[in-house]
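Student: Take the position in the sequence shown, starting the count at 1, then add 86; the result is the number in my numbering. The beta carbon of each residue, even a glycine, is placed where N, CA and C say it ideally should be. Keep in mind that this is a model prediction, so the values were computed, not measured.
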Amino acid sequence: MQLQTGNLFSTEAVRGDDERIDILVAGPRLNVERIVSMGHASPDGFWYDDPRAEWVVLLSGAAVLEFEADATLHDMRPGDYVLIEPHCRHRVAWTHPEQQSVWLAIYYER
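1) Which residue from Leu-159, Pro-164, Ser-187, Val-188 puts its Cα closest to that of Arg-177?
2) Residues bridged to Ser-187 by DSSP?
3) Rounded to the nearest angstrom, what separates Ala-112 and Val-118 at their Cα positions?
4) Return the Cβ separation of His-173 and Pro-137 in integer angstroms, given the expectation that the two are a contact with Cβ distance under 8 Å.
5) State the DSSP-derived secondary structure class of Phe-132, mapped to helix, strand or coil.
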């Protein structure tokens, strides 16, 4: 048996336009991703609208999520998590420009 191992915090700094997304587990009804952001935000006018539920926790850094339904801004610090229901339109409004924001996101069918 070959084990798949890794470390959620080991990555080179990412700056620029793209976040780093690593798929840790992929299945027919479940995906687990590590996302690393540094100074990233969703483009103006862009909203995520996933048919799956998303449970996401911020492991390091700082971020702000925005939800379209009530224009709520949700500040996130390490350890904070949120369950985003399917088709709940949201975006990343801000991530810390000088620290890596490391997320663990679990997408699953409801």
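Tutor: Taking the coordinates as given:
1) Within the sequence shown, numbered from 1, the residue matching residue 177 stands at position 91. With distances taken between Cα atoms, Arg-177 lies closest to Leu-159.
2) The count along the sequence shown starts at 1 and reaches residue 187 at position 101. Ser-123, per the DSSP bridge assignment.
3) The residue labelled residue 112 in the question sits at position 26 within the sequence shown. The residue labelled residue 118 in the question sits at position 32 within the sequence shown. Between Ala-112 and Val-118, the C-alpha separation is close to 7 Å.
4) If you number the sequence shown from 1, residue 173 lands on position 87. If you number the sequence shown from 1, residue 137 lands on position 51. Going by Cβ atoms, the distance from His-173 to Pro-137 rounds to 7 Å, so yes, they are a contact pair.
5) To locate residue 132, count along the sequence shown from 1; it is residue 46. It is coil, neither helix nor strand.
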